[in-house]
Every structure is written in structure tokens, then in C-alpha cells.
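Written below as C-alpha cells is the structure these notes are about.
Residue numbers (the working numbering): 729 to 928.
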């Protein structure tokens, strides 16, 4: 089964509840993010894209699932965000990202380490990457069913060391009685030894 078919079926499954709140790094660092244009990777139901649009961004929201994007468009009509969202149905493995185009790139629970060089290349100077994803851990009962779609400890951090890391954390979360292990990264497209850092 290809990715498009798989995710279309997941979004048609009414028993599967996708989150509707924006990701924690976007919420917690919203005041420190540069204004402008944003990319939401694997947008799903549009929770991050709509949050960014309501913050005033022009957002490109990419997902392989037409079913997910239809749900996201419906939510956009209902919520009426201040900014604009360009909903793009595409496979991120073949989608050509523009160079140095985005002031914010958001990735939530999408296994994209192979795509990270392209995602970093899509950051404008001073642009910020906000990324969270599941980690491998024996203590979890939430998230992907196998380790193939989870990161090992520090995988995400190592992959972003050419950026200025503003925040990195590996932790467990308990939601609805289930435990997940999550890595969270906020990193800016700058280099050099003299940097500014946001207050949380």
C-alpha cells in the first residue's frame, strides 16, 4: 500500500483521533519566531498550518493525503485564520522545496531525517525549524508500532548541528493515559559563536 492510500484510509477512519492543537514547539516559541512565510510538512488536518496562518503567516501546507487536506480546508473555512494557507497535495519524497524561502518550517511526527537537508535548505536566513517526533523507548505505548518510524536518541539533534540550536529536549509525555517519548527541536538558520536566544 502506498503512502497516499494508507493516509487516506487513516483519515477516513473515524475511530482514529488526530490531534487538533498546534505542536508544542510552535506554541511555546511563537513569540520568538520570525514573521513571513511558513512551511508545514505533512500537514494532516492542518493544525500547525492554521495556527501559523492565524499568527499572520503565508503558509504552504503539504500532505500526500487528499482526504486530510479536505478536512484541513473545512477547518480553515470554520476558523477563518488571519493569514493565508496554500494547501498542496504532494509526496514530500518527490516534492521540490524552494531554496531559502521559509521563515518557519514546522514538522510534527513525520519521519523526515532523509529530507532534513532539503528542509534546512528551504529555510531563509534566520529562519527557524520547529520539529518534534517520536523516540525509541521501551516505556511507550503511543505512536508508531515499530522503531522504523521512531528516531534514536539524539538523531534529530545531530542532524541539525549546522543550525543554531535554540532548544532541544527528549522527554516522555502522558496523554489520555498513554505514554510517548518525544524529541523536540527548535533551531535557527544562523551560524557563528555570537547568537541571541529566545526567552520561553
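The beta-carbon is built from N, C-alpha and C at its ideal position, and this holds for glycine as well. Quick caveat: nothing in here was measured; it's all calculated off a predicted structure.
Query	Result
Best match in 812, 818 and 804 for proximity to residue 793 [C-alpha to C-alpha]	818
Option nearest residue 893 by Cα separation, candidates 877, 847, 766 and 926	926
Per-residue burial, residue 783 [other beta carbons within 10 Å of its own, 16 or more giving buried]	buried
Neighbourhood of residue 981 by C-beta, 7 Å cutoff - its chain only, sequence neighbours within 5 removed	Past the boundaries of the shown model lies residue 981; the chain is included only from 729 to 928, so the question cannot be answered.
Identity of the residue in 879, 830 and 901 nearest residue 869 by Cα	901
In DSSP terms, what residue 757 is bridged to	BP columns for residue 757 are empty, so no partner.
Exposed unless 16 or more other CB atoms sit within 10 angstroms - verdict on residue 751	buried
Pairwise C-alpha distance: residue 841 and residue 885	11 Å
Nearest candidate by alpha-carbon position, reference residue 753, set 765, 773, 780 and 770	780
Coil, strand or helix - residue 798 by DSSP	helix
Whole-angstrom distance between residue 878 and residue 864, CA atom to CA atom	6 Å
Contact check, residue 891 vs residue 848, beta carbons under 8 Å	yes
Proximity below 8 Å, CB of residue 771 to CB of residue 804	no
Start and end residues, alpha helix (DSSP H) containing residue 887	883-887
Euclidean distance between Cα positions of residue 854 and residue 836	21 Å
Cβ-based burial, residue 774 [other Cβ within 10 Å; buried from 16]	buried
Element boundaries [beta strand (DSSP E), containing residue 909]	906-916
Buried versus exposed call for residue 759 [16 or more other C-beta atoms within 10 Å across all chains shown]	exposed
Terminal residues of the beta strand (DSSP E) in which residue 855 lies	851-862
Span of the alpha helix (DSSP H), counted from its first residue to its last, around residue 814	From DSSP, residue 814 is part of no alpha helix (DSSP H) but of the beta strand (DSSP E) over 812-817.
Cβ pair residue 914, residue 895 closer than 8 Å	yes
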